[in-house]
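Working notes, structure below.
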């Protein structure tokens, strides 16, 4: 596709603080006069939101990993076509809470890297993030931030999140030019400062 805007994604294990940072970045960019929109996965569209409810509902604890991967991929393709591509074409900055890297990190625990890539090939063919911020945090610290009521994925616990973190760090090693690791064990303000310094170079100084 031919895009003019910037596509920026935020990744990390559950409880890492990425959603909070995305909101702070959105607010800062709007104050500076940038055309910016924020969104999330799964979701971002009416179809995606319906799929999100299925994916995260604790009652679907017996969902197979293949079903999970396909549902995430289906939500993503709808999201790309209906929301991401149109906004990039309008020269907007699109900030997205999770994208394909989440599927590689999460479903990649039980499925091979190749299987996850194959399921998500339609997404890879359509759009790639310009930059991805990986908010890296210890699973133990992240677990303390989660509320009492957890969704189906959050219920998998610290050991599971440790495996997800390992997958994320592997991705960062594979794509250092795109994925920027931010130390999520710092204060919320320090995390934002570190993140903003990178964004400033990309969006303002350049």
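In the working numbering, the protein residues as written are 19 to 224.
Glycine included, each C-beta is placed from N, C-alpha and C at the ideal position.
Remember, predicted model here, so these are calculated numbers, not experimental data.
Item: Would you mind giving the Cβ-Cβ distance between residue 134 and residue 25, rounded to the nearest angstrom? I have them listed as a contact below 8 Å.; Value: So it is not a contact: roughly 20 Å between Cβ atoms.
Item: In chain order, what residues of the same chain have a beta carbon less than 6 Å from the beta carbon of residue 155, not counting five sequence neighbours either side?; Value: 34, 202, 203
Item: Note down the Cα distance separating residue 189 from residue 48, rounded to an integer number of angstroms.; Value: 30 Å
Item: On the DSSP letters alone, give me the boundaries of the alpha helix (DSSP H) that residue 185 sits inside.; Value: 175-192
Item: Taking 7 Å as the limit between beta carbons, can you name the residues of its chain near residue 137, skipping five residues before and five after?; Value: 87, 88, 91
Item: Just to confirm, are residue 39 and residue 52 a CB contact at a threshold of 8 Å?; Value: no
Item: Is the CB-CB distance between residue 97 and residue 44 below 8 Å?; Value: no
Item: Relative to the alpha-carbon of residue 211, which residue among 185, 182, 153 has its alpha-carbon at the smallest distance?; Value: 153
Item: Relative to the C-alpha of residue 178, which residue among 123, 192, 163, 209 is closest?; Value: 123
Item: Going by C-alpha to C-alpha distance, which of 23, 221, 128, 81 sits closest to residue 181?; Value: 128
Item: Ignore the nearest five residues each way along the sequence and tell me which others in residue 75's own chain have a CB closer than 7 Å to its CB.; Value: 170
Item: Write down every uninterrupted run of the beta strand (DSSP E) in the stretch 73-159 whose length is 3 residues or greater and which is fully enclosed by it, in chain order.; Value: 111-115, 149-154
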